[in-house]
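The opening residue of the sequence shown carries number 1299 in the numbering used here; numbering runs sequentially from there. We put the beta carbon where it would ideally sit given N, CA and C, even for glycine.
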Amino acid sequence: MNPEPESVDLAAQLVDIETQPLEARAEAFGQLHEQLREQLENADTDQAGQA
């Protein structure tokens, strides 16, 4: 069984991103996307790395 994923305050992260200049927002949204994708992918596998 996988450990619980780290809790993420998505609303706070989105508010923070929205306060940044446009170019910085694009990068920040990209980083957030990668972070969430990794968490979802890790949640779908068992300890042997299989879905």
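(request) Kindly indicate the opening and closing residues of the alpha helix (DSSP H) around Asp1314. (result) Leu1308 to Glu1316
(request) Return the CA-CA distance between Gln1318 and Glu1332, expressed in angstroms with no decimal places. (result) 19 Å
(message) Can you check which of these residues, Glu1321, Leu1320, Leu1330 and Ala1322, is closest to Gln1311 by C-alpha distance?
(response) Leu1330
(message) At the level of alpha carbons, what is the spacing between Ala1341 and Val1306?
(response) 14 Å
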